[in-house]
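Asks: The structure is given below, and queries will be raised subsequently.
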Amino acid sequence: MSDKGEHDKAIEPEMRQKEVESESDDNKVDPRIVSSDSFTGFMKLLNPHFELDYTAVQAECVAIFLKEKSKIMEILGNFDGEISVSVREMGMTKSFVLVSLHFIDENWSLKNWVIKFCSLVKPSFVSPCDVIVESLKDWSIKNKVSTVTMSFFFDDDAFDFIKEHGLEDKKLSLNGDMFRVYCCSDCISSMVQNAFEEVEGITNKIRCLYNPKSEPLWYLTSSKLKDAIELWSMGEFSSENVTDYSDVPTVEEWNRVEQAKTFSDAIRDLFDDYVSRYSKTVLLVSF
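If you're matching positions, the sequence shown starts at 1 in UniProt numbering and goes up one per residue.
Have a look at this one:
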């Protein structure tokens, strides 16, 4: 019994460490948490003899990652120009680049795997194109890709760079030629933008009269126009009532703006279900 007890004590620290490593990987917990005072303090409350080596946990997590990565690379290695790559980049405050793979597996199931997520926020700023190229090289799929889908954030030069350094032309569909695909939201955006561009000069006048604040969403543009038109119909923005230097729209101009607003409202109502279903807001013009 004594020998068994000593054996249990000997392997207990290793078992605890393995358990933490497994928990960290399974639940996507940052392994650096084990080095925090709050974590070690809490664990010592549960077990006064608790000891954990952060370096060992980190090394084991990396080993687990590399083991799983080799399995994935083995799967990807079976494809021959049958993988589609999509790249998503967000700017402004949420600056990141996301690289995903899309393919049909041996069971005819569609797979969507994220192979790279990288923050582009300073000071650790990196080029999005470099991130994409390195991820394709890292997963050894330069010669496995048939198509690449990129957002409008990337220009022609960016695509050419990725094509030259991260892909093999012989595997690309349509000889690697680039073309734009307009999604439904792009079409809606273009339609409503064109409508408001026709009356841009008039809406600028109305903005000076009624709403100096710029709003980024097109349905707010329509809402502000509705309020302004209602006030105009009650005589609020007639030349007699406006005594400053604002340029008051004519009756014909007000009617044109009202027609543009009616058109944008009809478009919004038509695609309201689509927008809510996919949790996307169509960004158009500001007013």
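We put the beta carbon where it would ideally sit given N, CA and C, even for glycine. Predicted, not measured: the structure shown is a model, and the values here were computed from it.
For M73, collect the residues of the same chain with a Cβ closer than 8 Å to its Cβ; drop the 5 residues on either side in sequence, then sort them by chain order.
Replies: Hits under 8 Å: W139 and S140.
Asks: Excluding five sequence neighbours on each side, which residues of the same chain lie with their C-beta closer than 6 Å to the C-beta of L220?
Replies: With a pLDDT of 48 at L220, under the threshold of 50, the modelled position of this residue cannot be trusted; read the value that follows with caution. Once the five neighbours on either side are set aside, L220 has no close Cβ partner at all.
Asks: Let me make sure I understand the geometry here. Which of A158, L167, N112 and F153 has the alpha-carbon closest to that of K137?
Replies: Of the listed residues, the one whose Cα sits closest to K137 is L167.
Asks: For Y245, collect the residues of the same chain with a Cβ closer than 7 Å to its Cβ; drop the 5 residues on either side in sequence, then sort them by chain order.
Replies: Interpretation of Y245 is limited by its pLDDT of 49, a score under 50 that renders its predicted location unreliable; no figure is taken from the coordinates.
Asks: Going by other Cβ atoms of all chains shown within 10 Å of its Cβ, with 16 needed for buried, is T55 buried or exposed?
Replies: When all chains shown are included, T55 counts as exposed.
Asks: Within 8 Å (strictly less), CB to CB, does K142 reach chain D?
Replies: The structure shown has no chain D; it contains just one protein chain.
Asks: Using 10 angstroms around the beta-carbon of S173, count the other beta-carbons present and answer buried if the total reaches 16, otherwise exposed.
Replies: Label assigned to S173: exposed.
Asks: With DSSP run on the structure shown, which of helix, strand or coil describes M178?
Replies: Three-state DSSP puts M178 in coil, outside helix and strand.
Asks: Please identify the residue among D269, N204, F271 and V199 whose C-alpha is closest to the C-alpha of E258.
Replies: Comparing Cα positions, the closest option is V199.
Asks: Return yes when the Cβ of P128 is within less than 8 Å of the Cβ of V97, no when it is not.
Replies: Against a cut-off of 8 Å, the Cβ pair of P128 and V97 comes out as a contact.
Asks: Give a yes or no on whether the C-beta atoms belonging to I132 and I162 are separated by under 8 Å.
Replies: Yes, Cβ-Cβ distance for I132 and I162 is below 8 Å.
Asks: Going by other Cβ atoms of all chains shown within 10 Å of its Cβ, with 16 needed for buried, is residue 289 buried or exposed?
Replies: This structure gives no information on residue 289, because the portion of the chain shown stretches from 1 to 287.
Asks: Would you tell me roughly how many angstroms separate the C-alpha atoms of P212 and N204, rounded to the nearest one?
Replies: Caution applies to P212, whose pLDDT of 47 falls short of 50 and renders its modelled position unreliable; the model cannot decide the point.
Asks: When the Cα atoms are used, what is the spatial distance from L46 to D53?
Replies: Going from the Cα of L46 to the Cα of D53 covers about 17 Å.
Asks: Quick check: the Cα distance between V103 and N112, rounded to an integer number of angstroms?
Replies: It is worth fixing the name first, because residue 103 is Phe in this sequence and not Val. If I take the Cα positions, the gap works out to 7 Å.
Asks: Between F196 and A266, is the Cβ-Cβ spacing less than 8 Å?
Replies: Cβ atoms of F196 and A266: not closer than 8 Å.
Asks: Which complete beta strand (DSSP E) runs does the region 82-161 hold, if anything under 3 residues is left out?
Replies: Here the runs fully enclosed are 83-90, 96-104, 110-119 and 145-150.
Asks: Buried or exposed: T243, going by 16 or more other Cβ atoms within 10 Å of its Cβ?
Replies: Confidence at T243 is low in this model, with a pLDDT of 48, below 50, so the placement of that residue is unreliable and no value is reported for it.
Asks: Which of the three DSSP states, helix, strand or coil, is assigned to L225?
Replies: In this structure, L225 counts as helix in the three-state DSSP scheme.
Asks: Figure out for me which residue from L101, F65, I64 and K44 has the closest Cα to the Cα of G81.
Replies: Among L101, F65, I64 and K44, the Cα nearest to that of G81 belongs to L101.
Asks: Can you tell me which of the three DSSP states S46 falls into?
Replies: Checking the sequence, you will find Leu at residue 46 rather than Ser. The answer is helix: DSSP assigns L46 an H, G or I state.
Asks: Looking only at its own chain, which residues have a Cβ that is under 8 Å from the Cβ of S84, when we skip the five neighbours before and after it?
Replies: Once the five neighbours on either side are set aside, the close Cβ partners of S84 are L101, H102, F103, V145, S146, T147, V148 and T149.
Asks: Determine the direct distance from the alpha carbon of I115 to that of S86, and round the result to whole angstroms.
Replies: Whole-angstrom Cα-Cα distance: 11 Å.
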